[in-house]
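**Student:**
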Amino acid sequence: MAAVKELIRTEENGTISFGDYELAQKSKLSDYKFQGDLYKVKTFREITKLERNGMFVYESVPGTAVENLTQDGVSMHFWVEGPEDAQITVEMEADSEYEIFLDDVSTGTMKTNLGGKLSFSVELGGQKTVEVKIVKC
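By the count of this note's numbering, the sequence shown reaches residue 180 at its end, each step adding exactly one.
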């Protein structure tokens with residue numbers, strides 16, 4: 044996987060990919076239509092952020108590339124790559140418990156705050172890609 048040069052794109056399998064951690068300057072793309080929603084992405088080497096219909100979906104510090112993002116109300120699944128370890132925050136259901144899997148290994152369960160935010164770290168670096176699954180308990 045490499046950075047998403049289009050900033051955001053629709054994949055043939057019905058998912059979206061976004062983020063370009065190789066950019067030195069912040070770039071953004073608004074009003075990207077996908078499955079009836081409007082997405083906005085901001086990305087560069089320091090941060091990658093995705094919003095859907097003006098609401099927070101994903102953020103990483105430093106910037107990352109995300110491929111094949113899917114959400115279905117009870118889970119989120121994607122592959123992530125970046126030049127170094129990243130702190131990732133995603134929006135899930137508020138005040139709920141989720142199990143996080145990195146490369147099919149459970150890292151345990153976490154509870155979202157009242158805003159629905161869930162934060163975790165992922166060890167990245169170089170060409171390493173990590174599969175992330177977040178499943179409601």
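In this text, a Cβ means the ideal position worked out from N, Cα and C, and glycines have one as well.
Quick caveat: nothing in here was measured; it's all calculated off a predicted structure.
(1) Roughly how many whole angstroms lie between the Cα atoms of Ser-73 and Tyr-101?
(2) CA-CA distance, Val-117 and Ala-137?
(3) Measuring only the C-alpha atoms, how far is Glu-174 from Tyr-141?
(4) Can you give the Cα-Cα distance for Lys-176 and Gly-57, rounded to whole angstroms?
(5) Kindly indicate which three-state DSSP category Val-104 falls into: helix, strand or coil?
(6) What does DSSP give as the partner residue(s) for Ala-129 in the beta ladder?
**Tutor:** This is what the structure holds:
(1) Stepping through the sequence shown from its first residue, residue 73 is reached at position 30. Stepping through the sequence shown from its first residue, residue 101 is reached at position 58. Using only the alpha carbons, I get a separation of about 15 Å.
(2) On the sequence shown, residue 117 is found 74 positions in, with the first residue counted as 1. On the sequence shown, residue 137 is found 94 positions in, with the first residue counted as 1. Going by the C-alpha atoms only, they are around 12 Å apart.
(3) Residue 174 sits at position 131 when you count from the first residue of the sequence shown. Residue 141 sits at position 98 when you count from the first residue of the sequence shown. Rounded to whole angstroms, Glu-174 to Tyr-141 spans 16 Å at the Cα level.
(4) Taking the first residue of the sequence shown as position 1, residue 176 is located at position 133. Taking the first residue of the sequence shown as position 1, residue 57 is located at position 14. Those two C-alpha atoms are separated by around 17 Å.
(5) As a working mapping, residue 104 is identified with position 61 in the sequence shown. In the structure shown, Val-104 sits in a strand (DSSP, three-state: E or B).
(6) For the purposes of this step, residue 129 is taken as the residue at position 86 of the sequence shown. Val-165.
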